[in-house]
Amino acid sequence: MFQSINPIIILLATPVISMLWMRLARKKMHLSSILKFGIGFLLITSGFTLITLGAKFATISGKASMFWIITGMMLMGIAEIFIEPGALAFVSRVAPRSSLSVMIGFYYLFTGAIANYIAAQIAKLTTLNISIKASLIEYAHGYESTYLKISILALILLFVIILFRIIFRKLSLK
713 MFQSINPIII
723 LLATPVISML
733 WMRLARKKMH
743 LSSILKFGIG
753 FLLITSGFTL
763 ITLGAKFATI
773 SGKASMFWII
783 TGMMLMGIAE
793 IFIEPGALAF
803 VSRVAPRSSL
813 SVMIGFYYLF
823 TGAIANYIAA
833 QIAKLTTLNI
843 SIKASLIEYA
853 HGYESTYLKI
863 SILALILLFV
873 IILFRIIFRK
883 LSLK
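Going by our numbering, the sequence shown opens with residue 713, and the numbers climb by one from there.
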């Protein structure tokens, strides 16, 4: 069930966000790629934080509301809309014209491989030792701890993006 949230949100939110970008462009307010990355990472941080809160409340009651997971996944889907076009535009700008399609293919292969590796590592972090008979609260605590670490990492990456934006802005003013 939860695996369908991301593609559905991308399909529903992409037209809305692209209309927003076009409206901003008509007003001569273009969002830079690095700003879109920043917005994307802010949404990712918010999404993981909501999932962390869901796990936190599950440690109290033993059950988590699907609201936390669904809302967190929705924010991550919207974040993908902000990040992916900028990343593809960057690959298109730096790749030689003769091998552009190959480079975009490598981009998808590389990011897919990294995403699957990270997903496997997250699965390892959230899984308790099978020999230990754990309660639902212990499982929820494991999820809370893992997703809190991911939220903090996403927040750190957001600050790095903000720092890059400040540096690029100062360099472009010179």
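For glycine and all other residues, C-beta sits at the position ideal for the given N, C-alpha and C. Computed from a predicted structure; not experimentally measured.
Does the Cβ of residue i have 16 or more other Cβ atoms within 10 Å, making it buried, or fewer, making it exposed?
{"i": "Met734", "result": "exposed"}
{"i": "Tyr829", "result": "exposed"}
{"i": "Ile868", "result": "exposed"}
{"i": "Leu787", "result": "buried"}
{"i": "Met731", "result": "exposed"}
{"i": "Phe871", "result": "exposed"}
{"i": "Tyr820", "result": "exposed"}
{"i": "Phe760", "result": "buried"}
{"i": "Glu850", "result": "exposed"}
{"i": "Thr764", "result": "buried"}
{"i": "Ala776", "result": "buried"}
{"i": "Ala737", "result": "exposed"}
Quick check: the Cα distance between residue i and residue j, rounded to an integer number of angstroms?
{"i": "Leu762", "j": "Leu812", "result": "38 Å"}
{"i": "Thr838", "j": "Lys740", "result": "46 Å"}
{"i": "Lys882", "j": "Ile746", "result": "14 Å"}
{"i": "Val728", "j": "Ala799", "result": "20 Å"}
{"i": "Ile879", "j": "Ala770", "result": "41 Å"}
{"i": "Ser804", "j": "Gly817", "result": "11 Å"}
{"i": "Arg809", "j": "Ala866", "result": "33 Å"}
{"i": "Gly752", "j": "Phe779", "result": "21 Å"}
{"i": "Ala767", "j": "Ile717", "result": "19 Å"}
{"i": "Tyr854", "j": "Lys836", "result": "First, the residue type needs correcting, since residue 854 is Gly and not Tyr in the sequence shown. Answer to the nearest angstrom: the Cα atoms are 11 Å apart."}
{"i": "Ala801", "j": "Thr858", "result": "32 Å"}
{"i": "Ile795", "j": "Lys748", "result": "6 Å"}
{"i": "Ala725", "j": "Ile790", "result": "7 Å"}
{"i": "Ile721", "j": "Ile782", "result": "10 Å"}
{"i": "Ile671", "j": "Leu754", "result": "Examination of residue 671 is not possible in this model, given that the chain is present from 713 through 886 alone."}
{"i": "Ile864", "j": "Ala827", "result": "18 Å"}
{"i": "Val806", "j": "Ser758", "result": "31 Å"}
{"i": "Ile793", "j": "Ser847", "result": "38 Å"}
{"i": "Phe876", "j": "Ser884", "result": "12 Å"}
{"i": "Thr823", "j": "Gly750", "result": "18 Å"}
Could you check where the alpha helix (DSSP H) with residue i kicks off and where it finishes?
{"i": "His853", "result": "848 to 885"}
{"i": "Pro797", "result": "778 to 806"}
{"i": "Thr838", "result": "812 to 838"}
Helix, strand or coil, according to DSSP, for residue i in the structure here?
{"i": "Met741", "result": "coil"}
{"i": "Thr761", "result": "helix"}
{"i": "Lys775", "result": "coil"}
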